[in-house]
Amino acid sequence: MTTLLDKVRSKLRPLRYNDLRAVGAETGISYDTLRRIKLQLCDPAYSKVQRLAEHFRVVRK
Numbered sequence: 024m025t026t027l028l029d030k031v032r033s034k035l036r037p038l039r040y041n042d043l044r045a046v047g048a049e050t051g052i053s054y055d056t057l058r059r060i061k062l063q064l065c066d067p068a069y070s071k072v073q074r075l076a077e078h079f080r081v082v083r084k
């Protein structure tokens, strides 16, 4: 079963530097945190995963 975090990571995976910066500006999540989530270097707080899922429309608001 695919988790919400897996879905968010799949959306972040193809994004490059400027795209991650734009997502960060729109969600209020820092570039560094987005990069660590993308590269699976951390287990982010649920609130950040939820915010990203809503941004990518993986789930409804």
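Numbering-wise (the working numbering), the sequence shown opens with residue 24 and increments by one. The C-beta atom is built at its ideal place from N, Cα and C for all residues, glycine as well. Please read these numbers as outputs of a predicted model, since none were measured by experiment.
(Q) According to DSSP, is Q73 part of a helix, a strand, or is it coil? (A) Here residue 73 is taken as the residue at index 50 of the sequence shown, counted from 1. Of the three classes helix, strand and coil, the one that applies to Q73 here is helix, per DSSP.
Q.
When you compare the segment 25-43 with the segment 57-66, are there three or more beta-carbon pairs, one atom per stretch, that lie closer than 8 Å?
A. yes
Q.
If distances are taken between C-alpha atoms only, which option among I52, A45, F79 comes closest to A68?
A. On the sequence shown, position 45 is the one that residue 68 refers to. The candidate whose alpha carbon is nearest that of A68 is I52.
Q: Reducing DSSP to helix, strand and coil, say where G51 ends up.
A: For the purposes of this step, residue 51 is identified with residue 28 of the sequence shown, where counting begins at 1. Coil.
Q. Given Y54, which residues of its chain have a CB within under 7 Å of its CB, disregarding the five upstream and five downstream residues?
A. Here residue 54 is taken as the residue at index 31 of the sequence shown, counted from 1. Correct list, in chain order: L43, R44, G47.
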